[in-house]
Amino acid sequence: MNTDDPNRIIALIAAAETLANAWRTMLASNTADLDPATVQTASADLDATLAHASSLIHALAAGSGEPTPTRLERRLIACAITHTIGSRLAQETSPAAFPISGSATALSERITGMRADGRVKVFRCCLAPMTVRRIIQNASDTLPSLLAVPITTLLSAIAHTRHEPQLVDALRNAALAPIDNAMTDAGHGYARSGQWILICEPDDARLDAAVALLVATLAARGLLLDGTRTQTTSFDEEFCHLGTDYTATAPAPRTTSATPEASADRIVYVGKDGTRIHVAKGRLLVDSASGVPQMSLPQRSVTRIVLTGNVGLSAGARSWALRNGVDVVCLSRRGAYQGQLVNTAATGNAARLLAQASYTTDETAKLPLARAIVNAKIRNQIHVLNRIARRDPALHLADTAARMRAWREETAHAADTDELMGIEGAASAAYFDALAMCAPPSVDFNGRSRRPPLDVPNAALSYAYAILLGECVGALHAAGLEPSLGVLHAPTDKRPSLALDLMEEFRPLLVDQTVMALLRTRRLRSEHGAPGPQGEGVWLSADGKKTVVDAYEATAQRSVTGALPGFSGSWRRHIHHEAQLMARAIAEPYYQWTGIIWR
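According to the working numbering, the sequence shown is numbered sequentially starting from 9.
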């Protein structure tokens, strides 16, 4: 099934369910510019209103100039379009581009973050006005398979900057994605909201280079800056951007949403050989091999237990964990995932498992989801490189990011999952080669190696991936899915293939950037590794594992908003929500799973 088939997309926009959802969204938003009597009349016979809108969508998409849609009809159709393709447009938006409404906090955090990185020189500018027709054309050039005729015809008929600003803003972000990507790939401190652009650099030379690249990239797409609305300044001078005053004389602290949630999950990691876990009097107890108490926690506060190596779990602790749905994940001494305890209530029902089995053996049905999984992973890998390049432009990661974007575009044309795995492999090889260049010289890192890992960075990656895999297995069970029945990874009894699918988009976010941050800040060093018992590869030391676990937990418990529509919470909770959305994609043929939006 081609999920970007334009006729199918028009049919989805015009579907009764889509229009009903769009109507509710429209009424819940600001309708002050709509005539109350018109809204009341349309509501009185809603079925007729939606049926007329459906017919109107087909007529406008076919290029019919009659009848001209009313303001209410334009608003309703715009909401229906957003419901249908909004998530796809959002996935193509650069992490450096911020919506014109509802993103003031996120934009402020990015700007104060650039300032905290020492980027004190500022260039503030505005794009020359773009007509809606020009925005649609440029967006179509960026996403030709999604925004094809008749969808562009429909958009031209109803999109209006003043009355449908959110739809136009989403289209503008798609249209300007190549400019945004060029700036972030080059490692420039860059942020855009609507037509307003902000560039922050550490010195005048770097700022001049960034402005030159921006002007050249815009010119290549026939776009210009508004020469009357540009400003070169610094954070030490009077400086206000989109209503927020950033003027100060000292670096501002980062005020991000990086603090753990108040109700953070309590994950217990135990990895010392001979340690024993048991329960007594409502508490989870951890004793050393000699019986000396090491830890005592209220049972009700523990949500997950991760065991590494030769660690004992008493029968009472096992029964308590199974009874209360507490995941118990087992890793080898080296840190490889071995399996976990699963409550029978989380194993799904027979009908759902049969449907999942049928889906995973249907190459045509599962291909759109498999494409989306690879697409999301590569997008997040590129974002990791962009974040590193922004802090260290001398690394010159732009060429790698450009190659990876080209591979990402190829996912839309992959004929089967084998071809997708080839694209994913090529992109990942280039990605890890680039990451190896970003590690400090004091640490050996020569690209990705596993089974066994050959250096400390790879040992840390493998260990954290195993922890993440356990989280994904638990999330899939909670969503009623069988982890062994994969979509991108072939189903097998020997590995949790669907959990490998689910974790793909989270690898760069939760593991790769965490390990690279540890390496680049010297918190993870060569002395945190040692040869394996038989001399095979490199194993993390106890201190190394603790360093990785602490950093992983800090990331997993970070609270975020906006990564998934209508959902907020820790990244750990996002894993569970994505598992639920994956279950929906498997159960509903026309639901498009797109992955998280990570800024």
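Note that CB positions come from ideal geometry on N, CA and C, so glycine has one too.
Note that the coordinates shown come from a computational prediction; the quantities given were computed from them, not determined experimentally.
Please list, in chain order, all residues of the same chain as residue i whose beta carbon is under 7 Å from its beta carbon, the five residues on each side excluded.
{"i": "T368", "result": "K374, L493, G494, V495, P499"}
{"i": "L527", "result": "A447, P448, V451, P465"}
{"i": "A591", "result": "A487, G488, L489"}
{"i": "Y598", "result": "L20"}
{"i": "W415", "result": "I386, I431, A434, A435"}
At the level of alpha carbons, what is the spacing between residue i and residue j?
{"i": "V287", "j": "G324", "result": "6 Å"}
{"i": "I65", "j": "R83", "result": "12 Å"}
{"i": "T257", "j": "L151", "result": "At T257 the pLDDT is 46, less than 50, meaning the model places this residue with poor confidence and gives no usable figure here."}
{"i": "I386", "j": "L42", "result": "42 Å"}
{"i": "A88", "j": "A183", "result": "20 Å"}
{"i": "S148", "j": "A595", "result": "30 Å"}
{"i": "R413", "j": "T238", "result": "31 Å"}
{"i": "A124", "j": "H196", "result": "14 Å"}
{"i": "A270", "j": "G333", "result": "Here A270 scores only 43 on pLDDT, less than 50, and its place in the model is too uncertain to base an answer on."}
{"i": "A185", "j": "L548", "result": "40 Å"}
{"i": "L403", "j": "A397", "result": "6 Å"}
{"i": "I275", "j": "V314", "result": "8 Å"}
{"i": "P107", "j": "P173", "result": "10 Å"}
{"i": "G6", "j": "I166", "result": "Coverage of the chain is limited to positions 9 through 607, which leaves residue 6 absent and any answer about it impossible."}
{"i": "N10", "j": "A156", "result": "At N10, the pLDDT of 48 sits below 50, so the modelled position is not reliable and the matter cannot be decided from this model."}
{"i": "R118", "j": "D253", "result": "14 Å"}
{"i": "I18", "j": "L393", "result": "36 Å"}
{"i": "L428", "j": "P158", "result": "29 Å"}
{"i": "L339", "j": "G279", "result": "9 Å"}
{"i": "G235", "j": "A363", "result": "59 Å"}
{"i": "R214", "j": "M122", "result": "14 Å"}
{"i": "H391", "j": "T101", "result": "12 Å"}
{"i": "S298", "j": "L321", "result": "15 Å"}
{"i": "R607", "j": "A104", "result": "7 Å"}
{"i": "S265", "j": "R141", "result": "Because S265 carries a pLDDT of 44, less than 50, the predicted location of this residue cannot be relied on, and the following value inherits that uncertainty. The straight-line gap from Cα to Cα measures roughly 37 Å."}
{"i": "Q203", "j": "P137", "result": "8 Å"}
{"i": "C208", "j": "S116", "result": "13 Å"}
{"i": "L35", "j": "L80", "result": "11 Å"}
Quick check on residue i: buried or exposed, where buried means 16 or more other Cβ atoms within 10 Å of its Cβ?
{"i": "N181", "result": "buried"}
{"i": "D188", "result": "buried"}
{"i": "C248", "result": "exposed"}
{"i": "G433", "result": "exposed"}
{"i": "H421", "result": "exposed"}
{"i": "Q348", "result": "buried"}
{"i": "R32", "result": "exposed"}
{"i": "V481", "result": "buried"}
{"i": "L305", "result": "exposed"}
{"i": "N146", "result": "buried"}
{"i": "T615", "result": "Since the displayed the chain opens at 9 and closes at 607, residue 615 lies outside it and no answer follows."}
{"i": "D335", "result": "buried"}
{"i": "L510", "result": "buried"}
{"i": "S327", "result": "exposed"}
{"i": "S505", "result": "buried"}
{"i": "K553", "result": "buried"}
{"i": "V546", "result": "buried"}
Got a sec: does the ligand ATP put a non-hydrogen atom nearer than 7 Å to the Cβ of residue i?
{"i": "Y598", "result": "As for the ligand ATP, it is missing from this structure, which has no ligand bound."}
Would you grab the beta carbon distance between residue i and residue j for me? Rounded to a whole angstrom, and I think it's under 8 Å.
{"i": "Y345", "j": "A550", "result": "Not really, about 19 Å apart at Cβ, beyond 8 Å."}
{"i": "L27", "j": "L58", "result": "4 Å"}
{"i": "L484", "j": "A507", "result": "6 Å"}
{"i": "A384", "j": "E513", "result": "4 Å"}
{"i": "L406", "j": "A61", "result": "A small fix is needed here, since residue 406 is Ala in this sequence, not Leu. Between A61 and A406 the Cβ distance is about 45 Å, and since that is not below 8 Å, they are no contact."}
{"i": "G455", "j": "A444", "result": "5 Å"}
{"i": "L233", "j": "C133", "result": "5 Å"}
{"i": "S111", "j": "S37", "result": "Not quite, the Cβ-Cβ distance comes to about 16 Å (not below 8 Å), so this is no contact."}
{"i": "L476", "j": "L532", "result": "Not confirmed; about 17 Å, so no contact."}
{"i": "V556", "j": "Y439", "result": "Not really, about 20 Å apart at Cβ, beyond 8 Å."}
{"i": "V128", "j": "L206", "result": "About 13 Å; that fails the 8 Å criterion."}
{"i": "L231", "j": "L135", "result": "6 Å"}
{"i": "Q302", "j": "S296", "result": "5 Å"}
Apart from the five residues just before and just after residue i, which ones in its own chain have a Cβ nearer than 6 Å to its Cβ?
{"i": "L162", "result": "L68, A69"}
{"i": "N318", "result": "D281"}
{"i": "F575", "result": "H585"}
Can you find the residues in the same chain that come closer than 8 Å, C-beta to C-beta, to residue i, ignoring five residues on each side of it along the sequence?
{"i": "G577", "result": "E269, S567, V568, H585"}
{"i": "D212", "result": "K129"}
Distance cutoff 8 Å, beta carbons only. Does residue i sit that close to anything in chain B?
{"i": "G570", "result": "Looking at the structure shown, chain B is missing, and only one protein chain is on hand."}
- Message: Ignoring anything shorter than 3 residues, give me the beta strand (DSSP E) runs that lie fully in the stretch 89 to 149, in order along the chain.
- Response: 129 to 135
- Taking the runs of the beta strand (DSSP E) that are 3 residues or longer, which of them lie wholly in the stretch 265 to 331? The stretch 265 to 331 contains these whole beta strand (DSSP E) runs: 275 to 278, 284 to 288, 291 to 295, 301 to 306, 312 to 316.
- Can you list the beta strand (DSSP E) stretches of 3 or more residues lying completely in the stretch 365 to 453, in chain order? The stretch 365 to 453 contains no complete beta strand (DSSP E) run of 3 or more residues.
- Task: Could you name each continuous beta strand (DSSP E) segment of 3 residues or more that falls completely within the stretch 167 to 207, going from the start of the chain to the end?
- Result: 197 to 201
- Task: Give, in chain order, every unbroken run of the beta strand (DSSP E) that is at least 3 residues long and sits entirely within the stretch 202 to 237.
- Result: 204 to 209
- Query: Taking the runs of the alpha helix (DSSP H) that are 4 residues or longer, which of them lie wholly in the stretch 540 to 589?
  - Reply: Listed in chain order, they are 550 to 564.
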